[in-house]
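Here the structure is laid out as structure tokens; the discussion comes afterwards.
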Amino acid sequence: MKLKFLAALALSAATLCSCDDETTGIGQFVADDDFIQSKADAYVVTTESHFLDSVYSRSNTAYLGKFTDEDYGTFTSDFLVQINCPENFQLPDRLQSIDEATLGLYYTSYFGDSLATLRLQVDTLTATIHDDGQDKNLYYTNLDPTRYYNSQNPPLATKDYSAYDRSVSDSLHQTSDYYPHVSIELGKAFCDNFKSKYDYTTTENGNTVHPYFKDAQAFVDNVLKGFYVHVINGEGSILYLSDIYLHLTVTYMGRNSADTADSLLTAVVPMTATKEVFMSTRFQNSGLQELVKDPTRTYLKTPAGICTKVTLPIEQMYEDHRTDTLNSISVSFEKLRDQSNSPYKMGTPNTLLLVRANEMKGFFENNLTNNDRTSFLSTYNSTTHSYSFSKLNRLIAHIFSEIRPEIEKGEAEWERWKAENPDWDKVLLIPVTTETDTQGNVIEIGNDLSVNSAMLVGGENLNESADESQKIQMNVIYTQPKQE
12 MKLKFLAALA LSAATLCSCD DETTGIGQFV ADDDFIQSKA DAYVVTTESH
62 FLDSVYSRSN TAYLGKFTDE DYGTFTSDFL VQINCPENFQ LPDRLQSIDE
112 ATLGLYYTSY FGDSLATLRL QVDTLTATIH DDGQDKNLYY TNLDPTRYYN
162 SQNPPLATKD YSAYDRSVSD SLHQTSDYYP HVSIELGKAF CDNFKSKYDY
212 TTTENGNTVH PYFKDAQAFV DNVLKGFYVH VINGEGSILY LSDIYLHLTV
262 TYMGRNSADT ADSLLTAVVP MTATKEVFMS TRFQNSGLQE LVKDPTRTYL
312 KTPAGICTKV TLPIEQMYED HRTDTLNSIS VSFEKLRDQS NSPYKMGTPN
362 TLLLVRANEM KGFFENNLTN NDRTSFLSTY NSTTHSYSFS KLNRLIAHIF
412 SEIRPEIEKG EAEWERWKAE NPDWDKVLLI PVTTETDTQG NVIEIGNDLS
462 VNSAMLVGGE NLNESADESQ KIQMNVIYTQ PKQE
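The sequence shown lines up with residues 12 to 495 when you count with the working numbering.
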């Protein structure tokens with residue numbers, strides 16, 4: 012039921028002074044010198060939890076681990092990664108051997124129990140991943156790793172680890188230049204195979220070249236297709252990996268420090284995973300489907316997991332305001348208090364994206380930013396415990412212009428159009444992260460991949476049985492064309 016009331020004169024004047032500087036309406040409207048009274052309406056929006064089995068992510072951060080939460084179930088993360096080979100990469104001249112190869116997983120943060128012991132496994136990829144930017148499915152977080160490695164092959168390496176490395180002294184942990192990491196020795200067979208690929212040479216323009224190392228693609232095709240890193244035992248933490256290195260310890264023939272004779276020398280040669288090559292994290296959640304059915308509230312859960320779907324009362328608003336000027340429309344979504352007893356509580360999503368449900372996929376795949384027309388951002392307010400969105404008059408006016416020609420075709424055509432476009436009146440609330448330029452302008456928006464969650468006021472019970480005043484209200488300030 013719509014709640015309608017006239018704003019008091021003083022409130023109306025204040026509202027007009029503070030309304031959206033880009034007021035919108037169906038018809039053209041220009042105020043003259045006569046006073047025009049603003050009016051206010053309130054409409055109920057309905058909400059439900061919406062399961063996300065995957066999200067689009069081209070992130071420079073990889074995630075590894077397994078964690079079980081008493082409310083949100085078990086969450087696991089693993090990843091596929093390629094190692095970049097710079098153009099015309101070279102190892103030291105007169106190379107004698109590659110003695111060690113170490114995969115280093117470096118992180119500055121993690122979620123969960125720092126002392127929990129987990130066992131990871133490293134497998135080499137057996138199928139080449141060609142990432143030319145065309146296959147968007149490569150960057151969804153439900154990517155199936157078995158498409159790219161043979162699970163029947165012996166693993167390349169395994170390693171027990173914990174987020175807090177107990178093999179390192181506490182004093183070293185406290186130093187400013189200590190970079191927490193998990194180091195995995197890849198074994199002699201890996202080293203020998205790597206050297207045999209490097210030893211293969213050809214001659215071009217009289218120069219000896221290493222064709223398998225001329226660039227990243229040649230390296231991936233012929234030397235190392237990449238790694239699949241995943242947890243095979245234990246749980247309790249999720250590592251947020253910011254850097255991944257392949258360190259090669261090599262022995263080569265060189266001159267001694269006095270330059271009087273040849274001598275065997277040792278060096279460590281780093282190779283790294285960079286944005287020029289492929290990396291993708293897979294996330295798996297179990298136990299979320301029951302939360303989606305919870306009628307008492309709605310949920311946000313990252314990474315992937317759950318977002319909140321909002322149904323806007325567009326038809327009623329169009330009937331009431333199709334000829335009005337919409338000065339301001341706003342709505343807030345209140346976060347409920349987290350009552351979990353877990354010692355490792357998830358964080359609260361800091362930023363929500365409100366985006367039309369039928370535009371969400373393209374928004375992330377095309378690396379868009381909020382346009383304050385069909386997509387909006389809100390930051391969590393820890394004082395009011397809510398996410399508030401304003402300037403939604405632009406969204407509503409945009410939808411009005413979209414549906415107007417369909418409504419004017421008649422009821423039968425209008426009903427057919429709605430059936431063919433089931434999400435036309437729906438938006439999603441999705442936790443995101445943002446990057447800004449030096450002026451504070453948002454230049455990049457991505458799905459939030461940290462371990463975060465929130466419960467919001469809403470859900471089926473609130474939609475159906477609650478008192479109108481307790482429901483989620485969308486507040487509308489509008490003015491009507493002057494009647495001649």
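From the three backbone atoms N, C-alpha and C, an ideal C-beta is built for every residue, glycine too.
- DSSP, read as helix, strand or coil, puts residue 465 in strand.
- Listed in chain order, the non-local C-beta contacts of residue 121 below 7 Å within the same chain comprise 174, 248, 249, 250 and 251, local neighbours out to five positions each way being set aside.
- Spanning the alpha carbons of residue 332 and residue 406 requires a straight line of approximately 14 Å.
- Rounded to whole angstroms, the separation of the alpha carbons of residue 187 and residue 168 is 30 Å.
- DSSP assignment within the stretch 186–216 yields the following whole beta strand (DSSP E) runs of 3 residues or more, N-terminal first: 192–196 and 213–215.
- Burial state of residue 328 is buried, judged by a 10 Å Cβ sphere holding 16 or more other Cβ atoms.
- When beta bridges are read from the DSSP output, residue 177 appears opposite no residue.
- Collapsing the DSSP output to three states places residue 232 in a helix.
- Scanning its chain for C-beta atoms nearer than 7 Å, with the 5 sequence neighbours on each side dropped, one finds around residue 306 the residues 470, 471 and 472, in chain order.
- According to the DSSP assignment, residue 329 belongs to the alpha helix (DSSP H) that extends over 325–332.
- In terms of Cα proximity to residue 361, the closest of 171, 78 and 457 is 457.
- Taking all protein chains in view, the Cβ of residue 104 is surrounded by fewer than 16 other Cβ atoms within 10 Å, so the residue is classified as exposed.
- Of the other Cβ atoms in all chains shown, 16 or more fall within 10 Å of the Cβ of residue 292; this residue is therefore buried.
- In the structure shown, residue 409 adopts helical secondary structure according to DSSP, grouped into three states.
- Three or more beta-carbon pairs separated by less than 8 Å link the stretch 362–373 to the stretch 426–440, which places the two stretches in contact.
- Per DSSP, the continuous alpha helix (DSSP H) segment holding residue 300 begins and ends at 299–303.
- Between residue 264 and residue 199, the alpha-carbon positions lie close to 20 Å from each other.
- Shown here, residue 402 sits in coil according to DSSP, grouped into three states, outside any helix or strand.
- 7 Å or more divides the Cβ of residue 279 from the Cβ of residue 227.
- For residue 122, there is no enclosing alpha helix (DSSP H); the enclosing beta strand (DSSP E) has its first and last residue at 106–123.
- Contact fails between the stretch 369–386 and the stretch 341–358, because fewer than three Cβ pairs, one in each stretch, are under 8 Å apart.
- Here residue 314 is buried: its Cβ has 16 or more other Cβ atoms, across all protein chains shown, within 10 Å.
- Taking a C-beta distance under 7 Å as the contact criterion, residue 236 and residue 139 qualify as a contact pair.
- The three-state secondary structure of residue 371, taken from DSSP, is helix.
- Excluding five sequence positions before and after residue 384, the CB atoms of its chain that fall closer than 6 Å to its own CB belong to 405 and 409, given in chain order.
- Using a Cβ distance threshold of 7 Å, residue 254 and residue 491 do not count as a contacting pair.
- Per DSSP, residue 423 lies in no beta strand (DSSP E); the unbroken alpha helix (DSSP H) holding it starts and ends at 422–431.
- In the three-state scheme derived from DSSP, where H, G and I count as helix and E and B as strand, residue 224 is classed as helix.
- Under the DSSP definition of a beta bridge, residue 60 partners with 319.
- Under the 10 Å beta carbon count, residue 195 is surrounded by 16 or more other beta carbons and is classified as buried.
- The stretch 74–92 and the stretch 294–301 touch, with three or more beta-carbon pairs separated by less than 8 Å.
- For residue 486, there is no enclosing alpha helix (DSSP H); the enclosing beta strand (DSSP E) covers residues 484–490.
- Per DSSP, reduced to three states, the secondary structure at residue 99 is coil, with no helix or strand assignment.
- Residues of the same chain with a CB within less than 7 Å of the CB of residue 424, apart from the 5 flanking positions on each side, are 417 in chain order.
- If you draw a straight line from the Cα of residue 354 to the Cα of residue 78, it is about 13 Å long.
- Between residue 67 and residue 147, the beta carbon gap of about 7 Å places them in contact (Cβ cut-off 8 Å).
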